[in-house]
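Colleague: Okay, here's the structure, questions in a sec.
There are 2 protein chains.
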Amino acid sequence: MLDASATSATLQRLPSAPTAEPTRLRSLAHLRRFDREQDIYGQEERSDTWYRVMSGSARKFLMRADGRRQLVDIYLPGDLFGFTSRLHHRFAVQAVTEGTVIACYPRQRVEALAREDSETALEIRRQILEALERLQQQLLVIGTMTAQEKVREFLLYFHRRLSADKDEGMALPISRYDIADMLGISPETVCRAITDLQARGVISLEGPRRIRITRRRGGQNG
Amino acid sequence: MLDASATSATLQRLPSAPTAEPTRLRSLAHLRRFDREQDIYGQEERSDTWYRVMSGSARKFLMRADGRRQLVDIYLPGDLFGFTSRLHHRFAVQAVTEGTVIACYPRQRVEALAREDSETALEIRRQILEALERLQQQLLVIGTMTAQEKVREFLLYFHRRLSADKDEGMALPISRYDIADMLGISPETVCRAITDLQARGVISLEGPRRIRITRRRGGQNG
DNA sequence: CGACTCTTTGATGGAACTCAAATCTAGTGG
DNA sequence: CCACTAGATTTGAGTTCCATCAAAGAGTCG
């Protein structure tokens with residue numbers, strides 16, 4: 001929508017990677033910077049590029065015919081995404097945080113590299129498996145029955161992913177609406193669940209976007 | 001009866017890939033037969049084997065502390081499973097259909113083969129991507145809001161996966177309980193939803209396990 | 001400061017879970 | 001072949017939970 005002039009994103013060389021990234025792969029990447037809500041790729045777009053979050057965050061989602069938005073995944077620094085067995089994407093991915101920096105890898109060249117370098121191939125396999133594990137975790141969260149559980153599981157899961165310390169609060173990059181669209185419940189219910197969890201002493205808020213996990217019971221660690 | 005339709009689907013299930021199983025990979029496999037409800041691998045088991053359904057079906061699930069069973073995926077003929085980036089599994093997989101036949105591949109040897117044969121490596125990558133797509137689809141199904149939608153989406157999705165003809169009914173290998181544990185709703189609600197869908201003319205039943213899709217509106221095809 | 005978005009809270013009708021029981025199905029053995 | 005059994009499926013009644021509509025508070029950024 002706003003993405004008509006998608007090339008407000010800046011092209012530049014990659015100076016150094018924050019996360020462990022094989023040198024061979026890194027040499028194929030170029031960096032782009034995205035504004036808040038800006039599309040990284042659109043629904044139905046050709047899947048000829050792979051991406052990695054260098055900083056910031058992004059949401060993967062699908063717009064339904066009835067106008068509902070379904071969130072499928074949140075990408076955080078270090079996450080590789082954009083691969084599919086299809087020719088075209090079925091979801092869109094857009095930046096959540098202002099100034100999100102994404103490394104872009106031309107798919108053809110990555111696959112060519114993988115063909116001749118088994119180490120790269122292994123790394124790619126590992127990254128796809130990571131995405132798989134994330135989706136499974138996500139399924140476990142959404143698969144719980146009550147809304148309260150969903151929100152609690154989601155917060156624990158997200159806290160783990162942000163690899164934040166238990167004692168220091170985590171800074172949620174996403175809104176209540178994002179959480180709602182991710183869990184298949186209404187934003188108001190997310191709010192009420194958070195309020196209840198706070199009342200029960202499971203979490204404590206220091207500002208709406210800063211959440212501290214106080215008590216973690218029955219949580220299976222990652 | 002269920003087996004008959006399932007087995008005939010073996011070689012034509014994958015939409016984008018006509019390839020059944022590379023000869024190189026096949027040579028590493030040995031076949032095992034499983035009874036109904038028998039574990040193919042258990043929760044917390046070491047992940048040193050990959051599997052492929054040759055005939056029958058299997059469920060991947062996790063038992064929660066409160067006794068609730070959460071289903072994450074259903075494996076049908078042609079599906080490869082068992083890979084993870086972890087050392088141990090976090091889910092169990094057990095046969096659903098009596099006499100399910102599974103091909104087992106020693107992980108070490110598969111990965112060794114992948115290291116020296118880029119074609120095999122590509123095939124593995126493709127298979128993992130298939131699993132990823134399946135989980136995404138599953139997330140879309142569960143992420144819908146009403147139970148009615150969930151059940152309808154699930155039936156359409158499963159119908160697609162069984163690559164059954166629209167006009168001929170599909171033979172559900174799984175129970176209402178399985179569907180419920182997959183969608184995070186109660187089995188009674190699954191029943192009522194199916195009854196309602198039947199009343200609305202969306203589906204028609206010829207026996208509880210034989211479902212025919214009558215009308216498919218708004219369904220995105222695979 | 002003021003406009004905007006995000007978050008929270010309230011009230012209400014409808015949806016879904018639970019407990020309970022009836023019906024159906026498939027499989028077993030007489 | 002049929003009665004019988006165990007399991008699966010369906011239906012009913014009552015209660016809880018959640019989506020929805022509405023509006024008020026909080027936070028943010030110009």
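Chains A and B are the protein sequences, given in the same order. Take 1 as the starting number for the first sequence in UniProt numbering and just add one per residue. Take 1 as the starting number for the second sequence in UniProt numbering and just add one per residue. Glycine residues also receive a C-beta, built at the ideal position from the N, C-alpha and C atoms.
Listing by chain order, which chain A residues have their CB less than 8 Å from the CB of VAL202(B)?
Modeller: Result: empty, since nearest Cβ-Cβ is about 16 Å, beyond 8 Å.
Colleague: Using three-state DSSP, classify ARG160(B) as helix, strand or coil.
Modeller: DSSP places ARG160(B) in helix when its eight states are reduced to three.
Colleague: Please check if any C-beta of chain B sits within less than 8 Å of the C-beta of MET63(A).
Modeller: no
Colleague: Just confirm the distance between the C-beta atoms of ARG24(B) and THR120(B), as a whole number of angstroms; I'd bet it's less than 8 Å.
Modeller: 5 Å
Colleague: Would you please verify whether the beta carbon of GLU130(A) is less than 8 Å from any beta carbon of chain B?
Modeller: Chain B, which has a Cβ nearer than 8 Å to the Cβ of GLU130(A), makes this yes.
Colleague: Do you know whose CA, among ALA171(B), VAL202(B), VAL151(B), lies nearest GLU188(B)'s CA?
Modeller: VAL151(B)
Colleague: Answer with yes or no whether the minimum CB distance from SER163(B) to chain A is below 8 Å.
Modeller: no
Colleague: On the criterion of 16 or more Cβ atoms from any shown chain inside 10 Å, does ILE67(A) qualify as buried, or is it exposed?
Modeller: Ile is not the amino acid found at residue 67(A); the sequence shown has Gly there. Flag for GLY67(A) reads exposed.
Colleague: Would you mind telling me which residues of chain B sit closer than 9 Å to ILE174(A), beta carbon to beta carbon, in chain order?
Modeller: Within chain B, no residue comes near ILE174(A); the closest Cβ sits about 15 Å away, beyond 9 Å.
Colleague: Please look up how many angstroms separate the CB atoms of THR214(A) and SER204(A), rounded, as I've assumed it's under 8 Å.
Modeller: 5 Å
Colleague: Which residues in the same chain have their Cβ closer than 8 Å to the Cβ of GLY207(B), if we skip the five residues on either side of it in sequence?
Modeller: Answer for GLY207(B): no residue qualifies.
Colleague: Check the Cβ of MET170(B) against every Cβ in chain A and list those closer than 9 Å, keeping chain order.
Modeller: The premise fails here: MET170(B) is roughly 23 Å from chain A at the closest Cβ pair, so nothing lies under 9 Å.
Colleague: Closer than 7 Å: is that where the CB of SER118(A) sits relative to any heavy atom of the ligand HEM?
Modeller: The model depicted lacks the ligand HEM and carries no ligand whatsoever.
Colleague: Where do the ends of the alpha helix (DSSP H) carrying ILE40(B) lie?
Modeller: From DSSP, ILE40(B) is part of no alpha helix (DSSP H) but of the beta strand (DSSP E) over 39–41.
Colleague: Below 8 Å, how does it come out for the stretch 163–172 of chain A and the stretch 38–58 of chain A: are there three or more Cβ pairs, yes or no?
Modeller: no
Colleague: For the stretch 63–119 of chain B, which segments carrying the alpha helix (DSSP H) assignment without a break, of at least 4 residues, lie completely within its bounds, in sequence order?
Modeller: When DSSP assignments are scanned along the stretch 63–119 of chain B, the uninterrupted stretches of alpha helix (DSSP H) that are 4 or more residues long and fall wholly within it turn out to be 107–116.
Colleague: Quickly, what does DSSP pair PHE61(A) with across the bridge? List them, please.
Modeller: Its beta-bridge partners are LEU71(A), ALA92(A).
Colleague: Between VAL72(B) and chain A, is the shortest Cβ-Cβ distance under 8 Å, so that the two count as touching?
Modeller: yes
Colleague: In chain B, which residues lie with their C-beta within 7 Å of the C-beta of residue 223(A)?
Modeller: Residue 223(A) lies beyond the stretch modelled for chain A, which goes from 1 to 222, so this question has no answer here.
Colleague: Can you tell me whether MET145(A) is helix, strand or coil according to DSSP?
Modeller: MET145(A) falls in the coil class under three-state DSSP.
Colleague: Leaving out the 5 sequence neighbours to the left and right, which residues in its chain are closer than 7 Å to ILE142(B) when beta-carbon positions are compared?
Modeller: LYS150, LEU183, GLY184
Colleague: At a Cβ threshold of 8 Å, is ILE194(B) touching chain A?
Modeller: no
Colleague: By the DSSP assignment, the alpha helix (DSSP H) with THR23(B) in it spans what residues?
Modeller: 23–26
Colleague: Are GLN138(A) and HIS89(A) touching if we call contact CB-CB under 8 Å?
Modeller: Not a contact, by the Cβ cut-off of 8 Å.
Colleague: From the DSSP output, read off the bridge partner residues of ARG52(A).
Modeller: For ARG52(A), DSSP records a beta bridge to LEU80(A), ALA103(A).
Colleague: So that I know if they touch, is there some Cβ in chain B lying closer than 8 Å to that of LEU113(A)?
Modeller: At a cut-off of 8 Å, the C-beta of LEU113(A) has no neighbouring C-beta in chain B.
Colleague: Please tell me whether GLN136(B) has its Cβ less than 8 Å away from any Cβ of chain A.
Modeller: yes
Colleague: Going by the beta-carbon positions, is the gap between LEU129(B) and LEU62(A) smaller than 8 Å?
Modeller: Their beta carbons are not under 8 Å apart, which means LEU129(B) does not touch LEU62(A) by this criterion.
Colleague: Just tell me which of HIS159(A), ALA180(A), ILE174(A), GLN198(A) has its CA closest to the CA of ARG69(A).
Modeller: If you compare the alpha carbons of HIS159(A), ALA180(A), ILE174(A), GLN198(A) with that of ARG69(A), the shortest gap goes to ALA180(A).
Colleague: Between which two residues does the beta strand (DSSP E) harbouring LEU172(A) extend?
Modeller: LEU172(A) -> no beta strand (DSSP E), and no H or E assigned at all.
Colleague: Taking just the CA atoms, how far does CYS104(A) sit from ARG26(A)?
Modeller: 10 Å
Colleague: Here's the rule I'm using: 16 or more other beta-carbon atoms within 10 Å means buried, otherwise exposed. How should ARG59(A) be labelled?
Modeller: buried
Colleague: So is ALA199(A) buried or exposed if we call it buried at 16+ other beta carbons inside 10 Å?
Modeller: exposed
Colleague: What residue range is occupied by the uninterrupted beta strand (DSSP E) comprising ILE211(A)?
Modeller: Its beta strand (DSSP E) spans residues 210–213.
Colleague: So with Cβ pairs under 8 Å, would you call ARG216(A) a contact of chain B?
Modeller: no
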